[in-house]
Every structure is written in structure tokens, then in C-alpha cells.
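Going down the list, the protein sequences come from chains A, B and C.
Read in the numbering used here, the first sequence has 205 at position 205, and its numbers run on one by one without any break.
Read in the numbering used here, the second sequence has 319 at position 57, and its numbers run on one by one without any break.
Read in the numbering used here, the third sequence has 853 at position 315, and its numbers run on one by one without any break.
Just so you know, even glycine gets a beta-carbon here, dropped at the ideal spot from N, CA and C.
To start, the structure itself, in C-alpha cells.
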Amino acid sequence: MRVYLEFAKKSFQNNIVYRMDYFAGVINALVMIFVNISIWKAIYEEEESLEGVQFKIVATYIVLSFLMQVVYTMDEYFIEGKVRSGLISSDLMKPINFRLYVFSYNVGTTIFRLLMQLMPALLVSIFLFKLLPPFSTEMFIFFMVSSVLGYLVLYNLNFIVWASSFWFYWTFSLVTIKDAAVMIFSGALIPLWFMPQWLIDFIKLTPFDSIFYTPIRIYLGQIPQEEIWTSMLRQVVWVVLLFGIGQLMWKAAAKKMVVQGG
Amino acid sequence: MRKHTFWDLTTLFFRYTKLTLKTTLEYKFDRSLITVAIFFREMISVAVMFLILLRFLHIRGWEMQELMFLYSFLFLSYSLFVFLFAGVRDFDGMVHSGDFDRFLTRPLGLLYQIIAARVDYPATLGHGIVGLVLFFNTAFAVGIDWNWQNSLFYIMAILGGAVIQASIFMLSACFSFWSVRTENLRNLIFFNSRRVAGYPITFYPGIIQKVLIFVVPFGFVNYFPSQFFLHKADGEQFWSGFVYLTPAVGVVMFLLVSIFWKYGVKNYKSTGNAMY
Amino acid sequence: MALIEVKDLVKEYQLNVRNKGLLGSIKSLLIPEYETKRAVDNINFTIEKGQTVGFIGPNGAGKSSTVKMLAGILVPTAGSITIGGLNPYKDRKMNASRMGVVFGQRTQLWWDLPVSDTYDLLRHIYKVPEKEFKANLDMFSEMLGLHEFIKQPVRQLSLGQKMRADIAAALLHDPEIIFFDEPTIGLDVIAKEKIREFIRFINREKGTTMLFTTHDMVDIEKTCERMIIIDHGTTVYDGTVDEIKRKYGSDRLLVVEFGESYGSIQLPGAELVEERDNKKWFRFSKDDVQVSELINRLSQKYSIADLTVQEPEIDSIIREIYQGGINLNASLSGVC
């Protein structure tokens with residue numbers, strides 16, 4: 001266990017070296033929030049409430065969505081880099097659980113983002129963008145749990161794409177397409193309640209809305225008490241499902257490595 | 263020395279192009295996949311715009327077709343920019359890898375080599391196709407009379423927009439001469455400005471408008487040229503001359519940056535490979 | 539007038555200071571610090587047309603900076619360089635047309651395309667008349683065996699093939715000067731020798747002036763008439779390889795294989811530097827004691843199965859110079 005903590009710590013330290021990334025991530029998120037809020041403000045000029053939702057709720061949604069995106073950003077090419085450079089072989093020979101290693105590495109990065117990027121961005125958002133507080137303390141706790149689950153859903157989805165580098169070598173295209181899908185279907189860019197019904201129905205069959213939409217709605221108090229457990233259960237189901245697929249892929253990949261000799 | 267004539271340089275440029283195309287075709291499958299990926303990535307923001315306008319029909323008097331027309335400028339001009347100036351975009355990498363050192367040892371202009379030696383076909387196509395899709399879906403639905411004057415102006419606007427963006431990238435590239443990697447900062451400023459400019463600048467507070475006009479002139483890449491054609495009411499708050507200025511802004515920016523560039527080359531510190 | 543004249547050359551760099559540890563990293567992040575490093579500190583030398591000169595020095599010694607300034611890649615902080623009357627950085631293009639560069643670590647060939655494609659492009663870049671180009675290409679192909687792989691994409695070539703192709707590429711336009719930066723790095727012994735042979739041939743046939751930066755002493759010994767050692771930004775030695783051996787290579791190694799296993803052996807005038815089984819290595823200075831005397835002393839007391847006398851490797855001399863062991867007079871400048 002100690003060793004994985006070390007990986008996380010190393011990852012945290014590595015991030016400090018990338019000066020500009022630190023600023024860039026925060027600024028990018030703030031600009032995105034700003035642009036989106038400006039557009040929604042313009043839309044709301046004509047009506048006070050749309051789909052029964054007031055502007056300040058939409059504004060908070062936007063802020064939460066982009067702040068979460070900052071924290072949820074992961075190193076998409078970590079595994080690919082190892083496969084391309086051949087370092088993967090030495091990793092496989094070490095007495096560590098590779099999946100756990102990759103996970104701790106990502107957790108280290110995520111904690112860095114939480115502290116170094118989220119905190120300042122959050123501060124700015126509260127003052128500049130008038131971020132609303134959570135619906136209630138209870139909801140806030142649920143929100144925290146749901147966010148962690150959402151992170152895990154995304155992580156496991158990502159892992160499946162990352163693992164494809166064992167076969168495809170270059171994963172830029174897949175990662176980019178995956179990102180595009182996540183962006184649009186998870187409610188990251190536009191609250192799902194504004195979308196046409198048929199699209200919403202489709203998305204409910206996918207893991208996407210479990211990433212951002214569910215946690216954010218909990219925060220906003222839009223999910224009634226009875227449904228909270230089912231929503232979070234859905235998230236858990238997806239985590240398990242995606243994890244399972246990831247495991248199958250990983251097993252196949254490890255086998256391939258052994259057969260091919262890296 | 264055997265000097266190159268203008269004709270020499272032109273034919274040489276085509277030789278380079280032949281080789282860059284040949285290189286890209288070596289990786290046909292990969293490059294096509296990347297083109298598709300870029301297409302999807304860029305279409306996301308278009309999809310968001312589409313979904314919003316599907317529901318709300320118009321924002322501040324701008325209809326969906328008009329907003330899409332505005333948006334198409336960004337993609338088409340970026341596509342043109344990246345086609346010609348991919349080398350400038352990747353300049354920092356060239357310096358770091360030692361490729362730029364190699365250019366210094368050749369009897370050819372530096373900018374010439376930087377432009378000739380690198381062409382990013384996937385990015386050109388990815389953005390270009392999005393731009394064309396948007397353009398052809400909107401150009402004939404927003405009430406523009408495509409006579410030869412308007413068509414000519416449109417082409418000038420796209421060219422001007424490409425040069426404006428090229429100047430921004432070139433400015434950032436100059437810093438590599440002092441071993442200062444500004445890629446991140448540049449991407450930050452450039453792509454965020456571009457994002458903001460996706461919607462009419464009048465949607466934003468005054469200060470943002472001023473930034474997009476006088477600091478990072480994306481306003482001239484799409485807002486003012488579209489206003490030349492569309493004459494939306496919110497355009498009246500600006501000086502009417504702005505709508506014609508895009509090509510001029512491009513030229514002026516490029517000239518200024520060229521001066522800085524020359525100065526940078528003189529002060530170049532090679533970081534190149536391993537040793538110093 | 540010499541082809542290359544270097545006067546009072548100086549090059550300084552601004553380096554970013556990185557602090558250690560977690561807190562230090564955060565500090566560097568917020569308040570960046572710089573320090574000035576003087577990589578090249580007043581270097582002077584001249585090189586005549588047709589000479590072959592090797593630059594040696596430890597990493598970070600300033601030799602690469604010096605050569606890069608000569609090649610017009612780097613701009614000096616102070617001092618002057620003249621090549622054939624031209625300033626390499628002010629008259630860049632003109633100078634470039636007469637110059638060739640081989641970067642050992644990075645090929646100038648287009649990675650995904652056949653070697654011949656790059657050659658064709660180079661022909662037009664340097665405006666080489668077709669006849670000359672073909673003649674050169676034929677000559678190089680023959681000597682370096684290029685026809686085996688000239689149609690293959692560069693990424694499929696072995697290191698040796700890439701190197702050969704790269705060297706040919708640099709010479710196709712008949713440059714007056716050629717810079718080699720680690721030309722034989724990573725190659726096997728036979729490939730290295732082939733390249734050295736080719737380089738010597740070109741130097742003889744075309745009178746091309748050649749400058750090398752390398753860590754491979756054998757490269758220098760076999761291809762250079764002259765050697766310039768640069769350490770801590772200054773010229774520590776400038777003369778021939780033979781001269782340095784002669785003047786500073788007074789050490790000899792007496793390698794003796796004894797008939798029996800002896801314990802410790804005392805040999806006045808010599809120092810035991812290594813022993814293995816029955817073999818012992820003795821170091822002595824030929825200026826201080828005669829080898830015949832040493833052999834005499836040994837043979838009187840011990841049974842000797844085999845013995846050899848070894849000259850010092852130029853390698854070890856250089857190593858000692860790097861380590862400050864041998865004191866060199868910097869004003870020593872020999873032209874071969």
C-alpha cells in the first residue's frame with residue numbers, strides 16, 4: 001500500500017514542474033465558464049425561467065461542470081507512452097499491480113488538481129460567477145459521494161480507451177472521439193434537461209450522465225430523496241461494468257505482451 | 263554561391279509539398295483517423311450551439327443560421343492558417359528537437375523552410391470540413407447576395423483571418439529564440455479567445471469586446487466580416503469601418519511580428535540536443 | 539589567410555535555477571531564478587583550408603557551443619568568427635551554401651521517405667548541377683555502399699546505414715567545410731572504420747576542411763591531424779595528436795605474466811596498478827627509468843612467462859587532462 005502512496009506523491013510532485021499547466025488549467029476553466037454563462041445570460045434576457053429552471057441555477061450548473069472537469073482531467077497518454085517506449089515491459093515485471101499503479105498515479109494528479117487548480121478556481125467562481133451553495137448539507141454530502149462515483153465511472157471508461165493502446169499504439173483519435181462523446185453526453189457542456197427528449201433517453205442508457213449530470217443535479221437539489229439512492233446505484237453499476245470490461249482488456253493485453261515479448 | 267531565384271524558390275516549395283504529402287500518405291490510415299477525431303472534437307461546440315438554438319431559436323436577435331455562419335469563419339480561416347503555417351505552430355518543437363538548427367545550416371530563408379517543411383493535413387482537413395459544412399449550410403440561407411464583390415471580400419476576410427492567427431502563433435514562436443516555451447500560454451490565450459469569439463462579441467461585457475478587438479483580434483476574424491454581410495443590429499455600436507478592416511489588420515500584425523522575428527533570430531540560443 | 543579565424547570567442551547562457559524538494563519546487567514555480575553560465579570563455583584559434591581538426595572536451599565544456607557558433611547555429615555573446623572572410627551568422631545563407639553538417643544524433647533525412655527523395659531535395663536546395671550531383675552520388679554510393687538501401691525509407695535503416703546516408707547527404711553539394719558532431723556514435727567497429735576511411739578519402743580528394751566534435755578518441759586519432767581540447771570554456775590544448783602523446787605520454791605500462799603465482803612484488807621505479815592471477819600491470823615513466831632496467835630487475839628474481847610494454851592510450855591521457863591531472867600550457871599551439 002505504501003508503494004502506491006509513493007506513486008501518488010511522485011505524480012503530485014511531477015505536476016509542480018509544469019508551471020504553465022497549473023495556470024492554464026485554471027484559466028481555461030474560468031474562460032469556459034465565462035463564455036457559457038454569457039451565452040445563457042443572453043438567452044435568459046427574454047425569459048426568467050426556462051424549463052422551470054432559473055438563470056442562477058443554470059449558472060451554478062455551468063460552474064460546477066467546468067470545475068469538475070478540471071479535477072477530472074487525467075493523463076490520457078500515460079499508458080500509451082509506456083507501450084510506445086517499451087517501458088511497459090519493465091512495469092509488468094515489477095511486483096506491483098499495474099492497474100492499481102496507474103490508478104494511484106492518476107489519483108496523485110487529481111489531488112494536485114484539487115488543491116492547486118480547483119481551490120483558486122472555486123474562489124473566483126464564488127465571487128465572480130455567483131456560485132450557489134449546495135441545496136442542503138445533506139445534498140452536499142451526497143454530492144461528494146456521487147462525484148467520487150462519477151470520477152470512477154470516467155476513470156474506468158478512460159482505462160478502456162487507454163488499454164486500446166496495446167493494440168492500436170496511437171490512441172489520439174480514440175481519446176479525442178471519446179472526449180467529444182463525454183463532453184456532449186455527460187451534460188458537461190449543456191445541461192441535459194435542455195436537450196430533446198429522444199437524446200436524453202439515449203443518454204440514460206449510457207454511462208455518460210453518471211459522470212457529471214448526476215452529481216451536479218444532486219448538488220442542485222434536483223433529485224428527490226427517493227431517487228438519490230437509485231441514481232447513485234446506477235453510477236455504481238457503471239463503475240463495476242466498466243471496470244469489468246477494463247479488466248478483460250487488461251488481461252488480454254498482458255497476455256499479448258507476454259506472447260510478443262513486449 | 264548559387265543564388266535562388268524567385269522561380270527556384272517556387273518550384274522548390276512544390277518539391278517540399280510533394281514530400282510532405284508523400285509522408286502523410288505513408289500513414290494514410292492514421293492520418294484519416296486523426297482527421298475524423300479532430301472533426302468530431304470541433305463539431306462538439308457546433309453541436310452545443312445547435313442544441314441550444316434548436317430549443318431557443320434565437321439569441322439577442324441572432325438566428326441559428328447566422329450564428330453558424332459567424333462560426334464558420336473561425337474554422338475556415340484556421341484551416342487555411344494551419345495548412346500554411348503548421349511549422350510556425352510547431353516551431354517550439356522544432357527548436358527543441360534540433361530541426362531548426364538544421365534549417366540554419368541551409369542556404370534558404372528560415373521562415374521559408376519552416377513553412378515548407380511541415381504541413382498538417384489532418385488539422386487542415388478536420389477544421390476545414392467543419393468550416394465548409396457550416397458555410398454551405400448557412401451561406402445561402404442568411405440573405406447574402408454572392409456577387410463577385412462579396413465573394414472577393416469573403417475570400418479576403420478568410421485570408422486576413424488566417425494571417426491574423428498566423429501572426430499570433432508567430433509571436434509566440436519568437437520566444438523560442440530565448441528558450442522561453444510559450445506554447446502553453448499561447449494555446450491558453452489563442453484557443454480561449456477563439457472559444458469566446460465563437461459567439462458574437464456583443465454577448466460579452468465591454469472589456470471582453472475590447473480585448474477581442476484590440477488585443478487578440480479575433481473580432482476581426484469572424485465578427486466584423488460577418489457583420490459586413492449580415493448587418494445585425496448589435497453591430498451599430500462599433501465604428502462602421504471595422505467591418506472592412508480584417509485584411510489590413512492581418513497585414514499590419516504580420517509586419518510587426520516579422521520585425522520581432524528577425525530580432526529573435528539574431529538572438530537565438532540553441533538548446534538543441536543533449537549538449538550545449 | 540586562414541580559412542577559419544576565431545578571436546576572443548565568448549558564449550554565455552541564462553540558466554533556470556531549480557530548487558529541490560516539495561517546498562523548493564513551489565518556490566521555483568512562483569519566483570523563477572536565473573544564473574549566468576559562461577560556456578565559452580575567450581577562445582582563439584585558426585584553421586587552414588583542408589585541415590582536419592577534432593574538438594574534444596567533457597560534456598558541458600563548451601566544445602559544442604564553439605562548434606555551433608562556427609556552424610552559424612549559435613550567436614556569440616562576444617568575439618568574432620570569420621569563415622572564408624564571411625561571418626557565419628551575419629552571412630548565414632552564403633556561408634550555408636559552402637558548408638555541410640552531420641549531426642550524429644539527428645539525421646537530416648526525411649524519416650518516412652526513401653533516402654533518394656531527400657537527396658533529390660538537397661540537390662535543389664543547394665542548386666547542385668546535375669552532372670556534379672550524379673558524379674558525387676556515384677562516388678559516395680560506391681565507397682559507402684549506398685545502393686543497398688538508398689531506396690528504402692530512412693526509418694527502416696540501421697544506425698550504420700543512416701549514418702552513411704547522412705554523411706553522403708552533407709557532402710553532395712561539395713562543401714568547403716564540413717562539421718561532424720559525433721559521427722560514429724553507436725556504431726560497431728567495422729562501420730566506424732568504414733566511415734573514417736571515407737572521411738579521410740574525401741579530405742584527400744576534395745580538400746574539404748573538416749571539424750569534428752566527438753568523444754571517440756580513436757575517431758580523432760584516425761582522422762584528425764590536429765586536436766583542440768576544450769574544458770571549462772577554454773582551450774586547454776591545441777596541437778597534434780602525436781605531440782600530446784609525445785609530451786604527455788611518458789607513462790608506460792609494463793604488463794608481466796609471471797610463471798608462478800607470487801605474492802606482492804616490489805619493483806622500484808614502477809607502480810603496481812593492477813593484478814589478476816599471475817598477471818601484473820606496472821606503471822612507470824620512461825623519462826625516469828629505463829624499461830630494460832625494470833625487466834632486468836624482474837627477471838633476476840622472478841620467472842617471467844610473457845611481457846609487453848604498452849604505450850598509454852590517448853584516452854587515458856585525455857581523461858587525466860579532464861581530471862586536471864596533467865598541467866597543460868594553454869598557449870601551446872601547434873600546427874601540423
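Under a CB-based cut-off of 7 Å, is T279 (chain B) close to chain A?
-> no
Please compile the residues from chain B whose C-beta is within a distance smaller than 9 Å of the C-beta of F820 (chain C).
-> None at all; the shortest Cβ gap to chain B is about 37 Å.
Beta-carbon of Y461 (chain B) versus every beta-carbon of chain A: anything under 7 Å?
-> yes
7 Å Cβ cut-off: residues of chain B touching F172 (chain A) = I296, A299
Under 9 Å by beta carbon: chain B residues contacting E6 (chain A) = Near E6 (chain A) there are no residues of chain B at all, since even the closest Cβ is about 28 Å away, more than 9 Å.
Could you tell me if G81 (chain A) is buried or exposed, where buried requires 16 or more neighbouring beta carbons within 10 angstroms of its beta carbon?
-> exposed
6 Å CB neighbourhood of T297 (chain B) in its chain, flanking five on each side removed | P384, L387, G388
Compute the distance between the beta-carbons of I218 (chain A) and M139 (chain A), then report whether it is under 7 Å.
-> yes
Inspect the beta-carbon positions of L474 (chain B) and F465 (chain B) and report whether they are closer than 7 Å.
-> no
Roughly how many whole angstroms lie between the Cα atoms of V774 (chain C) and I768 (chain C)?
-> 6 Å
Residues, ordered as in the chain, of the stretch 417-447 of chain B that lie near chain C by beta-carbon distance below 9 Å | W440, S441
Where do the N-terminal and C-terminal ends of the beta strand (DSSP E) with W286 (chain A) fall, by residue?
-> The structure shown does not extend to residue 286 (chain A), since chain A spans only 1 to 262, so no value can be given for it.
Give the straight-line distance between the Cα atoms of L710 (chain C) and K744 (chain C), rounded to the nearest whole angstrom.
-> 12 Å
Take the Cβ of M748 (chain C) as the centre, count every other Cβ of all protein chains shown within 10 Å, and call the residue buried at 16 or more, exposed below.
-> buried
Opening and closing residue of the alpha helix (DSSP H) in which E264 (chain A) lies = Residue 264 (chain A) lies beyond the residue range present for chain A, which begins at 1 and ends at 262; the question has no answer from this structure.
Would F168 (chain A) pass as a contact of A253 (chain A) if the rule is Cβ separation under 7 Å?
-> no
Mind checking which residues open and close the alpha helix (DSSP H) that includes V83 (chain A)?
-> 78-85
Note down the Cα distance separating E51 (chain A) from T60 (chain A), rounded to an integer number of angstroms.
-> 16 Å
Measure the alpha-carbon distance for K839 (chain C) versus P806 (chain C) and round it to whole angstroms.
-> 13 Å
Measure from the alpha carbon of I190 (chain A) to the alpha carbon of each residue in A:Q13, A:I33, A:V26, then state which is nearest.
-> A:I33
Just the chain A side, please: which residues come within less than 7 Å of D292 (chain B) by C-beta, in chain order?
-> W170
Is any beta-carbon of chain C found at less than 7 Å from that of G355 (chain B)?
-> no
Between S334 (chain B) and I406 (chain B), what straight-line distance do the alpha-carbon atoms span, to the nearest angstrom?
-> 15 Å
Could you work out which residues of chain B lie near R814 (chain C), taking near to mean beta carbons separated by less than 8 Å?
-> In chain order: nothing, as chain B lies at least about 36 Å away.
Contact between the stretch 336-350 of chain B and the stretch 389-396 of chain B (3+ Cβ pairs under 8 Å) | yes
Whole-number beta carbon distance between I723 (chain C) and Q643 (chain C), since they are thought to touch under 8 Å | 7 Å
Residue ranges of each beta strand (DSSP E) run of no fewer than 3 residues wholly in the stretch 566-643 of chain C, ordered along the chain?
-> 571-585, 590-594, 616-621, 637-641
With which residues is P691 (chain C) paired in a DSSP beta bridge?
-> C:P652
Would G262 (chain A) count as contacting chain B if we go by Cβ distances under 7 Å?
-> Low confidence applies here, because G262 (chain A) scores a pLDDT of 47, under 50, leaving its location unreliable and the question unanswered by this model.
Tell me which same chain residues have a C-beta within less than 6 Å of the C-beta of M356 (chain B), skipping the five on either side of it?
-> F362
Is C874 (chain C) helix, strand or coil by DSSP?
-> Annotation note: pLDDT 24 at C874 (chain C) (below 50); position unreliable, coordinate value reported separately. Reduced to three states, the DSSP call for C874 (chain C) is coil.
Check whether the Cβ of F312 (chain B) lies closer than 7 Å to any Cβ atom in chain A.
-> no
Quick one: residues in its chain with C-beta nearer than 6 Å to the C-beta of S788 (chain C), no 5 flanking neighbours on either side, listed in chain order?
-> S823, K824, D825
Exposed or buried, which one is L100 (chain A) when buried takes at least 16 other CB atoms within 10 Å?
-> exposed
Reducing DSSP to helix, strand and coil, say where L518 (chain B) ends up.
-> helix
Spatial distance of E573 (chain C) from P850 (chain C) (CA atoms) = 40 Å
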